[in-house]
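Peer 1: I'd like to ask some things about the structure below.
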Amino acid sequence: MTATAATREGVLMALRYRTNNPEFDFPNFAGLPPVRYVLASTPRCGSNMLARALWHTGVAGFAEDYFADAFVLDYFERWGFDSDDPRELAAGYVRRLMTCRTSPNGVFGLRIHAGHLGSLEADPHDILQAPRYIWIQRRDRLRQAVSYTMAEQTGVWILDGTFLPEGRTRAAPRYGYEEIRRHLRMLDRDAAVWEEYFGRHRVVPHTVVYEDLVADYEAGLRGCLDFLGVAAPASLPAPGIRRQADELTERWVERFLRDRRAERPAS
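Going by the working numbering, the letters in the sequence shown line up with residues 38 to 304, in that order.
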């Protein structure tokens, strides 16, 4: 959360995300939740799917991207903040989130992209007092980079017609070899950021691979709940999010591989 994000000036619009409304809060929770976790992610890794899946169980909190500016502004509209100390501001914000985003069994989670870590004034590990970490990754980083490129071009990041309006495409996607390669490099750096972070804090995250989660959704979700130490409900709900990969994704992947082969000098 940046200091500039926590300012009321010019913030007169409705909440950007419906799920930030009080109607989606859990009952008031007092004190430090006994189970705290970070969903460690990178763009287009399947973190939206996993976060919603965990939320819909009712026993794993609601791990949203609370440190992103749009979320901070939403909650500032709800509560306001009165600290000039950036570190205390972040800590107070999270404490307030814990009162309404902790599931009744005492589980609180938040989702953080690697790219946001460097802009935070306080370390989430300290704020959450040594939380557990679930690290979601994609095995196929090229398809992740293609998805990242398409989402940036179109402005459609999530297909969820239940709690969010369907994204309006702002532009048709256009293939670009250099753009996809740039996103590949960014994703490589993001992976390195998380590896360094976990090493620095001497933690071993529970790793979820997106492709494995899609192949066996129930096993992947149960694995996360076991890691958090909570009992799974009798019936596991669907995440409520549709996959966005389609034939265009596959055509872009094939074209990128051809372009990369053509770029390399013959041996």
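Note that the Cβ used here is the ideal one computed from N, Cα and C, for glycine as well. Note that this is a predicted model, so its numbers are computed, not measured.
Beta-carbon separation of A151 and V241 under 9 angstroms?
Peer 2: In the sequence shown, residue 151 corresponds to position 114, counting from 1. In the sequence shown, residue 241 corresponds to position 204, counting from 1. No; because the gap between Cβ atoms is not below 9 angstroms, this pair is not in contact.
Peer 1: Run the CB neighbour count on N58, radius 10 Å, all protein chains shown included, and call it buried at 16 or more, exposed below.
Peer 2: Numbered from its first residue, the sequence shown carries residue 58 at position 21. Classification of N58: exposed, given that the 10 Å Cβ count is below 16.
Peer 1: For T18, report the span of its beta strand (DSSP E) as first-last.
Peer 2: The displayed coordinates of the chain run from 38 to 304. Any statement about residue 18 would go beyond what the structure contains.
Peer 1: Express the C-alpha separation of A128 and D163 in angstroms, rounding to a whole number.
Peer 2: Here the question's residue 163 lines up with position 126 in the sequence shown. Here the question's residue 128 lines up with position 91 in the sequence shown. Going from the Cα of D163 to the Cα of A128 covers about 9 angstroms.
Peer 1: What residues in its chain sit with their C-beta under 7 angstroms from that of P270, if we drop five residues either side in the sequence?
Peer 2: In the sequence shown, counting from the first residue as 1, residue 270 sits at position 233. Within the same chain, P270 has close Cβ partners T94, G95, V96.
Peer 1: Taking three-plus beta-carbon pairs below 8 angstroms as touching, is the stretch 129-149 in contact with the stretch 210-225?
Peer 2: Verdict: no, contact absent.
Peer 1: How about the stretch 255-265 and the stretch 184-192: do they share at least three Cβ pairs that are nearer than 8 angstroms?
Peer 2: Result no; under three Cβ-Cβ pairs closer than 8 angstroms.
Peer 1: I need the boundaries of the alpha helix (DSSP H) containing G152, first residue and last residue.
Peer 2: Against the sequence shown, residue 152 aligns to sequence position 115. Element bounds for G152: 151-154.
Peer 1: Quick check on the burial criterion: 16 or more other C-beta atoms within 10 angstroms. Buried or exposed for Q174?
Peer 2: By 1-based counting over the sequence shown, the position of residue 174 is 137. By the neighbour-count rule (16 or more Cβ atoms within 10 Å), Q174 is buried.
Peer 1: Taking L76 as part of the beta strand (DSSP E), name the residues at either end of that continuous run.
Peer 2: Against the sequence shown, residue 76 aligns to sequence position 39. Residues 72-78.
Peer 1: Just grab the DSSP bridge partners of I171 for me.
Peer 2: In the sequence shown, the residue the question calls residue 171 occupies position 134. According to DSSP, which records beta bridges pairwise, I171 is partnered with L76, H243.
Peer 1: Any idea which residues DSSP pairs L147 with across the strands?
Peer 2: Locating residue 147 in the sequence shown gives position 110, where the first residue counts as 1. DSSP, once it has assigned bridges, lists V75 as partnering L147.
Peer 1: To the nearest angstrom, how far is the alpha carbon of R133 from that of L165?
Peer 2: Locating residue 133 in the sequence shown gives position 96, where the first residue counts as 1. Locating residue 165 in the sequence shown gives position 128, where the first residue counts as 1. Approximately 12 angstroms, taken between the alpha carbons.
Peer 1: Would you call the stretch 106-120 and the stretch 64-73 touching, i.e. three or more CB-CB distances under 8 angstroms?
Peer 2: No, they do not touch.
Peer 1: In or out: R180 buried (at least 16 other Cβ within 10 Å) or exposed?
Peer 2: Locating residue 180 in the sequence shown gives position 143, where the first residue counts as 1. Buried, since its Cβ has 16 or more Cβ neighbours within 10 Å.
Peer 1: Would you tell me roughly how many angstroms separate the C-alpha atoms of E91 and R301, rounded to the nearest one?
Peer 2: Taking the sequence shown and counting its residues from 1, the one referred to as residue 91 is at position 54. Taking the sequence shown and counting its residues from 1, the one referred to as residue 301 is at position 264. With the sequence shown as reference, residue 91 is identified as Leu, and Glu is not the correct amino acid for it. Approximately 43 angstroms between the Cα atoms of the pair.
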